[in-house]
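Enquirer: To start, I am sharing the structure in question, which I have written as structure tokens.
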Amino acid sequence: MPTLKEQLKQRLRDNDPAYRYYKSIFNLVSDLIALSDGERIIDANSRFTSFFARAGEDVFAPDFVLSRHFEPIDKYGYVYEGYEGKRWFEHVLSNQKEHYRVGIVAEDKLHSFNIALAALEPVEGIYVITMTDITEMIGYKNSLEEGLRNSVEDKREAEFLLRQYDYAMNVSNLVSRSDPDGNLTYVNDAFCAVLGYDREELIGENVLVLCPPDVPDSRKKGSCCDTWRVTSSFCR
Numbered sequence: 000m001p002t003l004k005e006q007l008k009q010r011l012r013d014n015d016p017a018y019r020y021y022k023s024i025f026n027l028v029s030d031l032i033a034l035s036d037g038e039r040i041i042d043a044n045s046r047f048t049s050f051f052a053r054a055g056e057d058v059f060a061p062d063f064v065l066s067r068h069f070e071p072i073d074k075y076g077y078v079y080e081g082y083e084g085k086r087w088f089e090h091v092l093s094n095q096k097e098h099y100r101v102g103i104v105a106e107d108k109l110h111s112f113n114i115a116l117a118a119l120e121p122v123e124g125i126y127v128i129t130m131t132d133i134t135e136m137i138g139y140k141n142s143l144e145e146g147l148r149n150s151v152e153d154k155r156e157a158e159f160l161l162r163q164y165d166y167a168m169n170v171s172n173l174v175s176r177s178d179p180d181g182n183l184t185y186v187n188d189a190f191c192a193v194l195g196y197d198r199e200e201l202i203g204e205n206v207l208v209l210c211p212p213d214v215p216d217s218r219k220k221g222s223c224c225d226t227w228r229v230t231s232s233f234c235r
């Protein structure tokens, strides 16, 4: 006596009227759907057959094995034959709360699918496989992540260049700043080194303290202003 699986296969082959309604709905679905024992395809909708036709495969051929097309992608959620030492469908069935993906190459392009598996009751050993193409969604996500990485890298590079510029300016120029009254508010290391003062000695002092002691008071202001213009960037 034929098993339920054999009876199902025969009824599908004979295009049993009881399955015509199911078949019409089957082909209207945008997902890739197939009935399978986990490897061989017993029946499939047009989306499923046309996708694999693009990969040069006849899903009903005796030598067609679904899992041979699963790429061994080492990313979270992807399954393939032998993943964690199990048949791929056994792994999915034993972890129904998880969401799984498979990667399949067709027309020189990697396609990613969310894949779900459910037992076809009461036929033991037959499963309904549903594959939802998420290739474009993954591509969009990758583009966003790449754009984010680039923006972060661009920001880091700009900050690095700015630090380098500030450093170069600091070591190669005598840089100082003062308030409107001529009191020093900032001096860089080069300025201190050339004039022989510590930073603490200069901050808060008037620029006139830089004038040599032998310069007459009547000439201090003009003389020191001339020196100021030559030796520093006088910023107010």
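Here numbering that gives the first Met the number 0 is used: the first residue of the sequence shown is 0, the next is one more, and so on.
All C-beta atoms in this analysis are idealised placements derived from N, C-alpha and C, irrespective of residue type, glycine included.
In this text the structure is predicted, and so the values were computed from the model without any measurement.
(1) Could you tell me which uninterrupted beta strand (DSSP E) segments, each at least 3 residues in length, are contained entirely in the segment 94 to 138, listed from first to last along the chain?
(2) Ignore the nearest five residues each way along the sequence and tell me which others in residue 54's own chain have a CB closer than 6 angstroms to its CB.
(3) According to the neighbour-count rule (16 or more other Cβ atoms, all chains shown, within 10 Å of its Cβ), is residue 136 buried or exposed?
(4) Look at residue 129 and residue 24 and say whether their C-beta atoms are less than 8 angstroms apart.
(5) Report the option in 45, 92, 99 whose CA atom is closest to the CA atom of residue 69.
(6) Run through DSSP, which three-state label would residue 186 get?
(7) Find out if the Cβ-Cβ distance for the pair residue 125, residue 34 is shorter than 8 angstroms.
(8) Of the choices 186, 193, 192, whose alpha-carbon is the least far from that of residue 204?
(9) Here's a check: name, in chain order, each residue in its chain whose Cβ is nearer than 6 angstroms to the Cβ of residue 114, leaving out the five neighbours to either side.
(10) Pick out whichever of 26, 77, 84, 116 has its Cα sitting closest to the Cα of residue 47.
(11) Using DSSP's beta-bridge definition, name the partner residues of residue 205.
(12) In whole angstroms, what separates the C-alpha of residue 108 from that of residue 150?
(13) Taking only three categories from DSSP, how would you classify residue 153?
(14) Could you give the DSSP three-state label for residue 72: helix, strand or coil?
(15) Give me, in chain order, the residues of the same chain whose beta-carbon lies closer than 8 angstroms to that of residue 28; leave out the 5 immediate sequence neighbours on both sides.
(16) Would you decide whether residue 188 is buried or exposed? Buried here means 16 or more other CB atoms lie within 10 Å of its CB.
(17) Check each candidate in 103, 88, 138 and name the one with the smallest Cα separation from residue 117.
(18) Can you say whether residue 59 is buried or exposed, counting buried as having 16 or more other CB atoms within 10 angstroms of its CB?
(19) Return helix, strand or coil for residue 162, following the three-state DSSP convention.
(20) With DSSP run on the structure shown, which of helix, strand or coil describes residue 223?
(21) Compute the Euclidean distance between the alpha carbons of residue 61 and residue 49, then round it to the nearest angstrom.
Expert: In short, the structure shows the following:
(1) Complete beta strand (DSSP E) runs here, min 3: 99 to 105, 108 to 118, 126 to 132.
(2) Same-chain partners within the cutoff: 105.
(3) Under this definition residue 136 is an exposed residue.
(4) Against a cut-off of 8 angstroms, the Cβ pair of residue 24 and residue 129 comes out as no contact.
(5) By alpha-carbon distance to residue 69, the top candidate from 45, 92, 99 is 99.
(6) In the structure shown, residue 186 adopts extended strand secondary structure according to DSSP, grouped into three states.
(7) Result yes, Cβ atoms of residue 125 and residue 34 sit closer than 8 angstroms.
(8) When each option's Cα is compared against that of residue 204, the closest is 186.
(9) So the qualifying residues of the chain are 99, 101, 130.
(10) The alpha carbon of residue 47 has as its nearest neighbour, out of 26, 77, 84, 116, the alpha carbon of 26.
(11) BP columns for residue 205 point to 182.
(12) Taking the straight line joining both Cα atoms gives about 28 angstroms.
(13) Reduced to three states, the DSSP call for residue 153 is helix.
(14) If DSSP states are grouped into helix, strand and coil, residue 72 belongs with coil.
(15) So the qualifying residues of the chain are 44, 46.
(16) By the 16-neighbour rule on beta-carbons within 10 angstroms, residue 188 is exposed.
(17) Per the C-alpha coordinates, the member of 103, 88, 138 positioned closest to residue 117 is 88.
(18) Result: exposed.
(19) Helix, per DSSP.
(20) For residue 223, the pLDDT reaches just 46, beneath the cut-off of 50, and the residue's location in the model is therefore unreliable, leaving the point undetermined.
(21) Residue 61 and residue 49: Cα-Cα distance of roughly 17 angstroms.
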